[in-house]
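One structure below.
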Amino acid sequence: MQCHYCDADAVVAPEHDGIKVGLCRDHFQQSIESFSTEPHLKEFEHRFET
Ligand SMILES: [Zn+2]
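The sequence shown: position 4 = -11 (the numbering used here), numbered continuously.
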């Protein structure tokens, strides 16, 4: 499988919203970072709202 974001070979194919997306090592690392920071950002937004 090819990476969804570039032409590199995908090392993983995690399911995201029911869709399997091939990711190379670099983009897999980036997706982990964005997945792990997004919920925190939303939590912060909620805290500011209340
Ligand atoms: Zn890639």
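Built from N, CA and C at the ideal position, the CB exists for glycine as well.
Residue i, DSSP secondary structure in three states
i, result
"H(-11)", "coil"
"D(-6)", "strand"
C-alpha distance - residue i paired with residue j, whole-angstrom precision
i, j, result
"H12", "E0", "14 Å"
"H(-11)", "E18", "17 Å"
"A(-5)", "Q(-13)", "5 Å"
"Q14", "V6", "14 Å"
With 16 other Cβ atoms within 10 Å as the buried cut-off, status of residue i
i, result
"C(-9)", "exposed"
In DSSP terms, what residue i is bridged to
i, result
"I4", "H1"
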